[in-house]
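2 protein chains.
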Amino acid sequence: MINFNFENYTKLIFGKDKELTVGQEVKKFSNKILMHYGGGSIKNSGLYEKIVASLKEANVEFIELSGVKPNPRLSLVREGIELVRENKIDFILAVGGGSVIDSAKAISLGANYDGDVWDLFEKGKNFEGSCVPLGVVLTIPAAGSETSGGTVITNEDGGYKRSTGHRTMRPQFAIMNPELTYTLPDYQTACGACDMFAHILERYFTNVENVGLTDRLCEGAMKNIIENAKKVLENGNDYAARAEIMLSGTIAHNDSLSMGRIGDWASHDIEHELSGIYDIAHGAGLAIIFPAWMKYVYKHDINRFAQFANRVFDVEIDLKDLEGTALKGIEALKNFFKEIGLPVTLEDANISDDRLEEMAEKRTENGTVGNFVKLNKEDVLNIYKIAIK
Amino acid sequence: MINFNFENYTKLIFGKDKELTVGQEVKKFSNKILMHYGGGSIKNSGLYEKIVASLKEANVEFIELSGVKPNPRLSLVREGIELVRENKIDFILAVGGGSVIDSAKAISLGANYDGDVWDLFEKGKNFEGSCVPLGVVLTIPAAGSETSGGTVITNEDGGYKRSTGHRTMRPQFAIMNPELTYTLPDYQTACGACDMFAHILERYFTNVENVGLTDRLCEGAMKNIIENAKKVLENGNDYAARAEIMLSGTIAHNDSLSMGRIGDWASHDIEHELSGIYDIAHGAGLAIIFPAWMKYVYKHDINRFAQFANRVFDVEIDLKDLEGTALKGIEALKNFFKEIGLPVTLEDANISDDRLEEMAEKRTENGTVGNFVKLNKEDVLNIYKIAIK
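As given, the protein sequences belong to chains A and B, one line each in that order.
In terms of the UniProt record's numbering, the first sequence opens at residue 1 and continues consecutively.
In terms of the UniProt record's numbering, the second sequence opens at residue 1 and continues consecutively.
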């Protein structure tokens with residue numbers, strides 16, 4: 001275990017009808033806010049009206065900025081920053097999933113920064129100011145952005161998808177009602193399950209030794225996602241399973257599972273090129289990239305991959321063939337992704353192999369990616385090639 | 001899973017030499033503090049001098065109150081409250097284990113309350129003010145008090161050991177260097193391991209259904225304590241194992257493992273009578289009481305006890321004899337406690353059966369204890385009797 005600091009101040013407000021408390025939660029921070037959301041879905045579901053009623057009841061004034069799309073765009077972030085500045089807004093409420101929350105976080109960071117917000121991507125941690133405080137009503141369990149201190153934004157100028165973070169970027173509260181996720185399409189539910197699973201995998205594959213507690217916590221959380229992802233796809237109105245998945249998305253990415261570890265994050269980086277260019281859902285991209293990454297790197301630590309196979313997928317450890325045990329775990333993961341309806345190859349997602357070289361080049365132009373194994377352009381290209389079919 | 005709120009703002013500062021940063025951490029809150037600790041051990045180990053040097057370097061003025069004993073006393077808390085008030089102190093630094101931290105928390109609560117602090121025990125949550133902020137340098141991994149929002153104090157007048165909590169009672173930071181635990185006597189190390197294990201057990205045995213994620217997290221954390229408690233007792237200077245145990249004590253009691261659950265807490269209540277009267281270490285008392293409680297209540301939910309046996313102690317599930325599986329788990333737990341050198345009966349701890357009736361009476365004078373099974377005086381007495389030998 002390496003030395004670490006851990007701090008996560010986000011208050012979780014979890015359960016049925018909790019969105020009705022949003023007005024009183026916001027009121028603790030502000031009387032005038034920016035309400036940020038996507039588009040029609042929260043209006044169709046009736047959530048929009050509930051939020052508005054709760055804000056009005058608490059006498060909270062709000063300005064709206066809608067239009068956030070999956071893989072949220074820098075241009076909308078810039079628009080939000082202008083709105084916050086012009087209207088002297090001191091709190092942002094994000095109503096939606098990871099894209100909406102990430103967009104809100106980028107606004108909250110940029111609004112208090114003198115220069116252009118894109119400057120801060122990949123170097124935002126050095127920003128000495130504070131983000132505008134924000135709160136969340138979560139509608140999609142996936143990204144874990146509701147308690148994380150990071151954001152991922154796509155710059156349309158060049159298709160760059162880049163991340164940044166700040167210690168003051170974690171939301172002040174996250175309201176999480178599993179019932180709000182009943183209406184999610186199956187594909188989006190599955191993408192979400194893959195995204196949270198991948199957040200744990202990124203933390204799990206580490207070179208840091210003696211991380212037994214967080215290993216066990218990671219393994220338990222992964223087992224539980226496997227069990228409940230299948231249940232919610234069988235019955236979208238299964239409150240218990242929806243609750244398990246929603247809470248898992250938070251635990252996967254609130255940094256408690258990475259205490260004292262160094263995560264990998266190559267698969268996320270490699271996937272970002274895919275979804276930056278092809279606009280595939282991030283979770284679907286991860287279902288393609290992660291198994292390919294695993295096949296490429298597993299020899300670096302066969303024991304860890306065998307442990308993964310055994311403890312997460314109940315693969316019996318074959319001491320005479322640990323490599324076989326490890327490979328069975330990778331195959332089991334791939335099968336799980338398939339079983340919940342995700343693509344596991346570029347072919348499955350109708351992505352051609354035309355631009356693999358370009359993506360590998362762009363991804364590594366600032367250096368290698370990943371920590372478990374440091375990958376250069378050729379490595380990244382090889383992983384894309386493994387992912388073809 | 002039931003509706004819940006979760007908030008834990010304590011910043012963990014974990015690793016080698018981290019106690020040297022205490023001055024700069026305190027300085028963020030205050031220039032004049034109360035430093036609260038036990039007695040000789042932090043002076044013998046050299047920790048006291050390091051803390052003093054760090055505070056002085058940061059120009060933090062401090063007043064000292066030492067003398068905290070295991071099962072911390074109300075009289076010293078009252079003394080601390082006077083000191084804080086007289087000296088207009090606005091931050092308390094606890095250097096020690098759970099007893100010191102609990103004593104500091106009681107001072108931090110009472111200093112801002114107009115009446116006598118004992119009024120607030122068992123009804124402190126209704127206190128509308130705020131606690132004086134506090135920070136911790138942890139020296140004993142056990143109670144989990146370094147990030148919890150509760151405290152347990154013994155009133156010498158009558159031997160009442162009672163708890164209270166407050167939403168502002170969590171420490172602002174907890175500095176945790178596993179090296180500081182190298183010098184703990186084996187018995188204290190074992191008591192600590194039992195205490196943290198019991199904190200998980202109290203959360204694990206619940207009537208709330210569909211708590212799969214937190215079940216898995218609890219089970220993983222328990223498995224890891226079993227593994228590492230043995231290692232630290234074999235080699236007290238094993239940094240990796242000491243780190244696992246230290247972090248486990250925090251995770252066990254930071255409330256993340258009880259999200260959406262209702263814990264039991266009868267065993268803690270029943271044990272508090274023991275250590276309130278006999279001054280036995282809390283962890284040792286729990287090693288006696290918990291297996292007895294389990295034997296008394298397991299029929300209430302044999303499946304849960306069988307799951308515990310299987311997932312925590314690798315007992316194979318016998319579908320034709322789930323009760324046998326459940327009982328093997330209880331036996332395995334008892335053996336684990338024995339193996340690390342703890343008493344598992346009142347006889348082992350040289351406690352006679354003279355006052356069992358009195359203890360059962362006192363414990364239940366305000367009503368039943370426990371949630372998994374609600375226990376009246378007769379039940380509590382039966383559990384004490386099971387614990388005799």
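Here a beta-carbon is modelled for each residue, glycine too, at the ideal position from N, C-alpha and C.
Compute the distance between the beta-carbons of Thr147 (chain A) and Arg170 (chain A), then report whether it is under 8 Å. By one-based count along the first sequence, residue 147 (chain A) stands at place 147. By one-based count along the first sequence, residue 170 (chain A) stands at place 170. Result yes, Cβ atoms of Thr147 (chain A) and Arg170 (chain A) sit closer than 8 Å.
Compare the beta carbon distance of Ala252 (chain A) and Gly144 (chain A) with 8 Å and say whether it is the shorter of the two. Taking the first residue of the first sequence as position 1, residue 252 (chain A) is located at position 252. Taking the first residue of the first sequence as position 1, residue 144 (chain A) is located at position 144. Contact flag set, yes.
Burial state of Lys161 (chain B) (16 or more Cβ within 10 Å): On the second sequence, position 161 is the one that residue 161 (chain B) refers to. Buried is the call here.
What does DSSP give as the partner residue(s) for His36 (chain A) in the beta ladder? By 1-based counting over the first sequence, the position of residue 36 (chain A) is 36. A:Leu65, A:Ala94, per the DSSP bridge assignment.
Shorter than 8 Å from the beta carbon of Met196 (chain B) to some beta carbon of chain A? In the second sequence, counting from the first residue as 1, residue 196 (chain B) sits at position 196. Output row for Met196 (chain B): interface = no.
Quick one: is Glu234 (chain B) near chain A, going by C-beta distance under 8 Å? Locating residue 234 (chain B) in the second sequence gives position 234, counting from the first residue. Not closer than 8 Å to any Cβ of chain A, the Cβ of Glu234 (chain B) fails to qualify, so no.
Beta carbon of Leu12 (chain A) nearer than 8 Å to that of Met176 (chain A): As a first step, residue 12 (chain A) must be located in the first sequence, where it is residue number 12. As a first step, residue 176 (chain A) must be located in the first sequence, where it is residue number 176. Contact: yes.
For Gly150 (chain B), which of helix, strand or coil comes out of DSSP? Translated into the one-based positions of the second sequence, residue 150 (chain B) becomes position 150. Correct three-state label for Gly150 (chain B): strand.
Short of 6 Å in beta carbon distance, which residues of its chain neighbour Ser275 (chain A), apart from the five on each side in sequence? Order them along the chain. Here residue 275 (chain A) refers to the residue found at position 275 when the first sequence is read from its first residue. Cβ neighbours of Ser275 (chain A) beyond the five flanking positions: Asn71, His282, Gly285.
Distance check for Ser30 (chain B) and Phe62 (chain B), CA to CA, integer angstroms please. Taking the first residue of the second sequence as position 1, residue 62 (chain B) is located at position 62. Taking the first residue of the second sequence as position 1, residue 30 (chain B) is located at position 30. Between Phe62 (chain B) and Ser30 (chain B), the C-alpha separation is close to 10 Å.
Tell me the rounded alpha-carbon separation between His166 (chain B) and Leu346 (chain A). Numbered from 1 along the second sequence, position 166 holds the residue referred to as residue 166 (chain B). Numbered from 1 along the first sequence, position 346 holds the residue referred to as residue 346 (chain A). When rounded, the distance between both Cα atoms is 53 Å.
Backbone CA spacing between Lys334 (chain A) and Ile200 (chain A) [nearest angstrom]: Taking the first residue of the first sequence as position 1, residue 334 (chain A) is located at position 334. Taking the first residue of the first sequence as position 1, residue 200 (chain A) is located at position 200. Roughly 16 Å between the two C-alpha positions.
State the start and end residues of the unbroken beta strand (DSSP E) segment that holds Tyr160 (chain A). Walking along the first sequence from the start, residue 160 (chain A) turns up at place 160. Where Tyr160 (chain A) is concerned, the enclosing beta strand (DSSP E) stretches over 160-165.
C-alpha distance - Gly324 (chain A) paired with Asp318 (chain A), whole-angstrom precision: Here residue 324 (chain A) corresponds to residue number 324 of the first sequence, with the count starting at 1. Here residue 318 (chain A) corresponds to residue number 318 of the first sequence, with the count starting at 1. About 8 Å.
Simplified DSSP state of residue 467 (chain A), which is helix, strand or coil: Nothing about residue 467 (chain A) can be read from this structure; chain A reaches only from 1 to 389.
Taking all protein chains shown into account, decide if Arg85 (chain B) is buried (16 or more other Cβ within 10 angstroms of its Cβ) or exposed. The residue labelled residue 85 (chain B) in the question sits at position 85 within the second sequence. Burial call: exposed.
Bounding residues of the alpha helix (DSSP H) (the contiguous stretch that carries Ala241 (chain A)): Counting from 1 along the first sequence, the entry for residue 241 (chain A) is found at position 241. 239-251 is the span of the alpha helix (DSSP H), which, as asked, contains Ala241 (chain A).
Give the secondary structure of Lys11 (chain B) by DSSP, where H, G and I count as helix, E and B as strand, and everything else as coil. The count along the second sequence starts at 1 and reaches residue 11 (chain B) at position 11. Residue state, collapsed to three classes: strand.
Selected residue, minimal CA-CA separation from Leu120 (chain B), among B:Val297, B:Thr164, B:Ser108, B:Asn155: Within the second sequence, residue 120 (chain B) is the residue found at index 120, counting from 1. The shortest C-alpha separation from Leu120 (chain B) is found at B:Thr164.
For Asp17 (chain A), which option in A:Glu358, A:Val137, A:Asn235, A:Gly149 has the closest C-alpha, if you only look at C-alpha atoms? Position 17 of the first sequence holds residue 17 (chain A). Among A:Glu358, A:Val137, A:Asn235, A:Gly149, the Cα nearest to that of Asp17 (chain A) belongs to A:Val137.
Proximity below 8 Å, CB of Ala142 (chain B) to CB of Cys218 (chain B): Here residue 142 (chain B) refers to the residue found at position 142 of the second sequence. Here residue 218 (chain B) refers to the residue found at position 218 of the second sequence. No, the pair does not count as a contact, with Cβ atoms beyond the cut-off.
When you compare only the Cα positions, how much space is there between Asn366 (chain A) and Ile33 (chain B)? One-based indexing of the first sequence puts residue 366 (chain A) at position 366. One-based indexing of the second sequence puts residue 33 (chain B) at position 33. The alpha-carbon atoms of Asn366 (chain A) and Ile33 (chain B) are separated by roughly 47 Å.
Can you list, in chain order, the residues of its chain with a C-beta nearer than 7 Å to that of Val344 (chain A)? Leave out the 5 residues immediately preceding and following it. What you label residue 344 (chain A) is simply residue 344 of the first sequence in a count that begins at 1. The residues are Ala287, Ile288, Pro291, Lys334, Phe337, Lys338.
Looking at the secondary structure, which residues open and close the beta strand (DSSP E) in which Ala174 (chain B) lies? For the purposes of this step, residue 174 (chain B) is identified with residue 174 of the second sequence, where counting begins at 1. First-last of the beta strand (DSSP E) with Ala174 (chain B): 173-176.
Buried versus exposed, by CB contacts within 10 Å (16 or more), Ala53 (chain A): Position 53 of the first sequence, counted from the first residue, corresponds to residue 53 (chain A). By the neighbour-count rule (16 or more Cβ atoms within 10 Å), Ala53 (chain A) is not buried but exposed.
So with Cβ pairs under 8 Å, would you call Lys161 (chain A) a contact of chain B? As a position in the first sequence, residue 161 (chain A) is number 161, starting the count at 1. It does not: the Cβ of Lys161 (chain A) has no partner Cβ on chain B nearer than 8 Å.
Counting C-beta neighbours from all protein chains within 10 Å, is the total for Ser103 (chain B) 16 or more, i.e. buried, or is it exposed? Here residue 103 (chain B) corresponds to residue number 103 of the second sequence, with the count starting at 1. It counts as buried.
C-beta contact flag for Thr189 (chain A) and Ser45 (chain A) at 8 Å: By one-based count along the first sequence, residue 189 (chain A) stands at place 189. By one-based count along the first sequence, residue 45 (chain A) stands at place 45. For Thr189 (chain A) and Ser45 (chain A), no; Cβs fall outside 8 Å.
Please report whether the beta-carbon of Ile226 (chain A) lies at a distance below 8 Å from any beta-carbon of chain B. Residue numbering aside, residue 226 (chain A) sits at position 226 when the first sequence is read from its first letter. No, no contact with chain B.
What residues are listed by DSSP as bridge partners for Leu138 (chain A)? The residue given as residue 138 (chain A) occupies position 138 in the first sequence. Answer by DSSP bridge pairing, in chain order: A:Gly96, A:Met176.
By the 8 Å beta-carbon criterion, what residues does the segment 250-265 of chain B contribute toward chain A? Ile251, Ser256, Met259, Gly260
How is the alpha helix (DSSP H) around Asn126 (chain B) delimited, first residue to last? The count along the second sequence starts at 1 and reaches residue 126 (chain B) at position 126. No alpha helix (DSSP H) holds Asn126 (chain B); DSSP gives it neither H nor E.
Closest by CA to Leu109 (chain A), which one among A:Leu93, A:Val22, A:Phe127? What you label residue 109 (chain A) is simply residue 109 of the first sequence in a count that begins at 1. Checking every option, the nearest Cα to that of Leu109 (chain A) belongs to A:Phe127.
Thinking C-alpha only, which one of A:Asp90, A:Pro133, A:Glu64 is nearest Glu79 (chain A)? As a first step, residue 79 (chain A) must be located in the first sequence, where it is residue number 79. Closest option to Glu79 (chain A), Cα to Cα, is A:Glu64.
Using a C-beta to C-beta distance shorter than 7 Å, which residues of chain A count as neighbours of Ser248 (chain B)? Counting from one through the second sequence, the residue named residue 248 (chain B) turns up at place 248. Within 7 Å Cβ-Cβ: Leu213.
Per the DSSP calculation, Asn5 (chain A) is bridged to which residue(s)? In the first sequence, the residue the question calls residue 5 (chain A) occupies position 5. In the DSSP output, where bridge partners are listed per residue, Asn5 (chain A) has B:Ile13.
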